[in-house]
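Working notes for the structure below.
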Amino acid sequence: MTHEQPCVGVLGGSGFVGRNLRAAFRSSGARVVSVSRTLPGGTGGDDPEGERSIAFDLLADGPAELGAMLADTGADVIVNAAGGYWKMTGGQMWGANTELVSALVAAVRKLPHRPLLIQLGSVHEYGPGSRDAGITEERTPAPVNAYGRSKLEAARRVLDAAGTSELNGVVLRIANIIGPGLPAGSLLGDIAAHLKRFARDGDTAGSELVLGPLSAERDFVDVRDVADAILAVARAPRADVSGRVINIGSGAAVSARRVAERLIQLSELPVRLVERARTDTSRSDVDCQMLDISLARRLLGWEPRRDLDASLTALLAAA
Numbered sequence: 001m002t003h004e005q006p007c008v009g010v011l012g013g014s015g016f017v018g019r020n021l022r023a024a025f026r027s028s029g030a031r032v033v034s035v036s037r038t039l040p041g042g043t044g045g046d047d048p049e050g051e052r053s054i055a056f057d058l059l060a061d062g063p064a065e066l067g068a069m070l071a072d073t074g075a076d077v078i079v080n081a082a083g084g085y086w087k088m089t090g091g092q093m094w095g096a097n098t099e100l101v102s103a104l105v106a107a108v109r110k111l112p113h114r115p116l117l118i119q120l121g122s123v124h125e126y127g128p129g130s131r132d133a134g135i136t137e138e139r140t141p142a143p144v145n146a147y148g149r150s151k152l153e154a155a156r157r158v159l160d161a162a163g164t165s166e167l168n169g170v171v172l173r174i175a176n177i178i179g180p181g182l183p184a185g186s187l188l189g190d191i192a193a194h195l196k197r198f199a200r201d202g203d204t205a206g207s208e209l210v211l212g213p214l215s216a217e218r219d220f221v222d223v224r225d226v227a228d229a230i231l232a233v234a235r236a237p238r239a240d241v242s243g244r245v246i247n248i249g250s251g252a253a254v255s256a257r258r259v260a261e262r263l264i265q266l267s268e269l270p271v272r273l274v275e276r277a278r279t280d281t282s283r284s285d286v287d288c289q290m291l292d293i294s295l296a297r298r299l300l301g302w303e304p305r306r307d308l309d310a311s312l313t314a315l316l317a318a319a
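Taken in order, the sequence shown gives residues 1 to 319; the numbers are from UniProt numbering.
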């Protein structure tokens, strides 16, 4: 960010990542413009924390309206934390993740100034990984599900435009995000919601939590560490980050079962985890995903500061 009191536009500002990101940028002294379908608290304009909120449907409003809204924000940095995954069809994900970014790239290209566009991508763009080594940014992506394919195509559209110097754009491929405020719909968000209900009901003796197969190993990263990484990208020289893919994760893989069991242990509730056997053999999935985060360390001076227990404890506290 190049001058005093920079302005940051957060698209999807009312979502899980967006809320944490807005707080991090406010703490850094930036002026924040939150863009989402609904206004936080049902109010608009400037709030007491110096944040401006705009109600704007990124999927329903047209490209001209999108460009006008972005120009009105005057943002030096635009972070795309919008999109969709849970409870969406493949076509809906393509619209929310790919077509939205196409419209965003077209709008940013026409802005009279040249903001930095930070596209929040996903580890699922890469596809299967290995337990032997983390996936590097040089790896050729091979996504195995509709979400990964939609995010990969969105990333390509940002990188193609950045490659022709038509905009300043960077793609962060982020591991599985956890931490305070993780919504239901995700595995750990659902577990936290169940535990909250068990605690509310009081009598949890003999309670069972039945989940699907948990053998997959995943890279989990705290949402607050993700926000720190995005701040680091926003502060970096544009020439260092524009046109790049940068991995953001923990750099380690842990089994979903171990994480689920640890979340239950930290709740201190007498709940037993029951894992169902896989019955749908046609489902596309991968056994292990783990990111190599060497580039983020070298280029941004960033690495995660919160361990798994800190993330899970914060998730339970927020629930």
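Note that CB positions come from ideal geometry on N, CA and C, so glycine has one too. Fair warning: this is a prediction, and the values are worked out from it, not measured in the lab.
I'd like to check one pair, S215 with R272: are the Cβ atoms closer than 9 Å? No Cβ-Cβ contact shorter than 9 Å links R272 with S215.
Put S34 into one of helix, strand or coil per three-state DSSP. In the structure shown, S34 falls within a strand segment according to DSSP collapsed to helix, strand and coil.
Just the C-alpha distance for residue 336 and L291, rounded to the nearest angstrom, thanks. One cannot answer for residue 336 here, as it falls past the ends of the chain, which runs 1 to 319.
Only counting runs of 4 or more residues, tell me where the alpha helix (DSSP H) segments fall wholly within the segment 169-252, in order along the chain. Counting only unbroken stretches of 4 or more residues, the alpha helix (DSSP H) elements lying wholly within the segment 169-252 are 187-201, 223-235 and 238-241, in sequence order.
Do the segment 304-319 and the segment 170-184 meet, that is, are 3 or more Cβ pairs less than 8 Å apart? For the pair of segments examined, the segment 304-319 was found to touch the segment 170-184: the number of CB pairs separated by less than 8 Å reaches three.
Exposed or buried, which one is R283 when buried takes at least 16 other CB atoms within 10 Å? Caution applies to R283, whose pLDDT of 49 falls short of 50 and renders its modelled position unreliable; the value that the coordinates give is listed next. With fewer than 16 other Cβ atoms within 10 Å, it is exposed.
Can you give me the Cβ contacts of E275 inside the same chain, cut-off strictly under 7 Å, excluding the 5 residues immediately before and after it? For E275, where only same-chain residues beyond five positions count, the Cβ hits under 7 Å are L211, P213, L214 and R257.
Quick check: what's the CA-CA separation for M1 versus V77? For M1, the pLDDT reaches just 48, beneath the cut-off of 50, and the residue's location in the model is therefore unreliable, although a value from the coordinates is still provided. So the alpha carbons of these two residues sit roughly 8 Å apart.
Limits of the beta strand (DSSP E) - the one that V271 falls within: V271 -> beta strand (DSSP E) spans V271 to E275.
Which of the three DSSP states, helix, strand or coil, is assigned to Q119? The answer is strand: DSSP assigns Q119 an E or B state.
Backbone CA spacing between I246 and D201 [nearest angstrom]: Going by the C-alpha atoms only, they are around 44 Å apart.
Tell me which same chain residues have a C-beta within less than 7 Å of the C-beta of P304, skipping the five on either side of it? Once the five neighbours on either side are set aside, the close Cβ partners of P304 are V221, D222, D225 and S250.
Considering only residues of the segment 47-79, which uninterrupted alpha helix (DSSP H) runs meet the minimum length of 4 residues and lie entirely inside it, listed in chain order? You should have 63-73.
Tell me whether S207, by its Cβ, gets closer than 8 Å to a heavy atom of the ligand SAH. With respect to the ligand SAH, the structure shown offers nothing to examine, as it has no ligands at all.
So, with DSSP's three-state summary, where would you put S255? Strand, per DSSP.
Under a three-way DSSP split, which group does L11 fall into? Strand, per DSSP.
Measuring CA to CA, which of R149, Q265, I248 and A227 is closest to T136? If we check each option's Cα against that of T136, I248 comes out closest.
Note down, in chain order, each residue of its chain lying with its Cβ closer than 8 Å to the Cβ of R262, except the 5 sequence neighbours on either side. Excluding its 5 nearest sequence neighbours in each direction, R262 has C-beta neighbours in its own chain below 8 Å: L308, D309 and L312, listed in chain order.
With P63 and A103 assumed to form a contact (beta carbons below 8 Å), what rounded beta-carbon distance in angstroms separates them? Confirmed, Cβ separation roughly 5 Å.
Who does I135 pair with in a DSSP beta bridge? Looking at the DSSP assignment, I135 forms a beta bridge with L291.
Are at least three pairs of beta-carbons, each pair with one atom in the segment 102-117 and one in the segment 153-171, less than 8 Å apart? Short answer: they touch.
Pairing CB atoms from the segment 67-86 with CB atoms from the segment 2-22, are three or more of them under 8 Å? Contact between the segment 67-86 and the segment 2-22 is present, with at least three C-beta pairs closer than 8 Å.
Would you mind stating whether A232 and L300 have Cβ atoms separated by less than 9 Å? Taking 9 Å as the Cβ cut-off, A232 and L300 qualify as a contacting pair.
Which word fits E125, buried or exposed, when buried means at least 16 other C-beta atoms lie within 10 angstroms of its C-beta? Answer is buried; the Cβ neighbour count reaches 16.
Boundaries (first-last residue) of the alpha helix (DSSP H) holding Y147: DSSP places Y147 in the uninterrupted alpha helix (DSSP H) bounded by A146 to G163.
Let me know the secondary structure DSSP gives S130 once reduced to three states. Here DSSP, grouped into helix, strand and coil, assigns S130 to coil.
Tell me whether W94 sits in a helix, a strand or coil according to DSSP, three-state version. In the structure shown, W94 sits in a helix (DSSP, three-state: H, G or I).
Exposed or buried, S122, counting other C-beta atoms within 10 Å across all chains shown (16 or more means buried)? A buried status is given to S122, since no fewer than 16 other beta-carbon atoms sit within 10 Å of its beta-carbon.
Whose C-beta lies closer than 7 Å to the C-beta of residue 326 among residues of the same chain, with five residues either side of it excluded? As displayed, the chain neither begins before 1 nor continues past 319, which places residue 326 out of reach and without an answer.
Who are the Cβ neighbours of R297 in its own chain at under 8 Å, not counting the five residues just before and after it? Cβ neighbours of R297 beyond the five flanking positions: E303.
Between A107 and the rest of its own chain, which residues show a CB-CB distance below 8 Å, the 5 nearest in sequence each way excluded? Taken in chain order, the residues that qualify are P63, L66, G67 and L70.
Output the distance between the C-alpha atoms of C7 and G243, rounded to the nearest integer angstrom. Roughly 21 Å between the two C-alpha positions.
Which same chain residues, not among the five before or five after F198, have their C-beta less than 7 Å away from its C-beta? Contacts found: T204, S207, L269 and V271.
Option nearest D150 by Cα separation, candidates G169, S27, Y85 and V170: Inspection of the sequence shows that residue 150 is occupied by Ser rather than by Asp. Closest by alpha carbon: Y85.
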